[in-house]
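In this note's numbering, the protein residues as written are 6 to 336. We put the CB at the ideal spot given by N, CA and C, even for glycine. Below is one structure, written out as structure tokens; comments come after it.
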Ligand code: HEM
């Protein structure tokens, strides 16, 4: 299983680099200032360039995916969300897709039954696992905003309270930490368990999963086991957001592993399948309204054709048509 092993080894090596670098070579400036700045520049520039590249691609035809009645005559009821024909209907559909993975909810699984019949069944686990993964990551990242503002923002406090609802450990156990770990485990085993999935999965499917898992595991270690002092971390993050290039204070090597893996993720993001985060908004099958009965869409690069009307045709051939006793409109 080279496809699984290689990304695993790569993530392990990536985690070791900053640990050795900071612990034994004192490279905290490299891992605490230079690499994070580089990563954010690559992420922003890469993300915007990919979006710009997609935006300038011509989309001459209406190709929204629909599974409902299109808007046509007033008395025919149409489906606003399955076949949207106004901007706000499209926007609502995209929003539901982004927030609740609406199309994945309809995901089906195909199986050959014992009697050799192909059968389709409901398959909600991927939808549920994917949703749990993305939502818990989002909440974790939003909670991290406390490191980037001098005063902890109100919504971060609220999120942390709700997330720490069980209040069972010291420091408070966050539900999302457990959910994200279970979800990542599910997403990895989903690929490993099934022969078809194993076959189509690539190293680039496993790598981001292992990388995010490593970031989460190191974060969990720092919070619950090694009990990292977060004040120097916050000082350093405030320096970074204020574009300062001062050296970081005394922070444990484990933090640099966390930060380095996040930096690798940021650099990897624009060049990988993770760009689906931006692509969903630019996907013509999602972001177009289905109004081709209402509006004529003309391919912009069609060569200009000089059309000849029937009246012009008749003007040219009237005499010949009369001779041939063909009906004419204008005498
Ligand atoms: C993709 C981005 C990131 C992910 C997924 C992530 C994930 C996590 C997770 C799961 C934890 C465990 C505790 C918790 O849930 O709060 C954690 C802790 C931590 N993370 Fe991150 N992290 C990310 C980015 C960062 C960044 C950019 C920093 C830089 C400040 C950072 C600093 C920390 C620190 C200091 C802790 C320990 C918190 C504590 O002791 O309460 N993380 N991280």
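Say yes only if the C-beta of residue i is nearer than 7 Å to one or more non-hydrogen atoms of the ligand HEM, and no if none qualify.
i	result
residue 125	no
residue 240	no
residue 221	yes
residue 89	no
residue 179	yes
residue 227	yes
residue 193	no
residue 341	This structure does not reach residue 341, given that the chain is present from 6 up to 336, and the question cannot be answered.
residue 244	no
residue 224	yes
residue 233	yes
residue 39	no
residue 104	no
Secondary structure at residue i, three-state DSSP: helix, strand or coil?
i	result
residue 229	helix
residue 114	strand
residue 83	coil
residue 37	helix
residue 263	helix
residue 322	helix
residue 150	helix
residue 106	coil
residue 211	helix
residue 5	Because the chain in this structure spans residues 6 to 336, residue 5 falls outside the shown range and cannot be described.
residue 194	helix
residue 179	coil
residue 43	helix
Can you round the beta-carbon distance between residue i and residue j to whole angstroms, since I take them to be within the 8 Å contact cut?
i	j	result
residue 225	residue 182	6 Å
residue 48	residue 275	6 Å
residue 63	residue 305	7 Å
According to DSSP, residue i sits in a beta bridge with which residue or residues?
i	result
residue 96	Paired residues: none, contrary to the question.
residue 169	Beta-bridge pairing links residue 169 to no other residue.
residue 124	116
Looking at residue i and the ligand MN, is the gap between the Cβ and the nearest heavy atom below 7 Å?
i	result
residue 176	Absence of the ligand MN from the depicted structure is noted, with the ligand HEM being the only ligands included.
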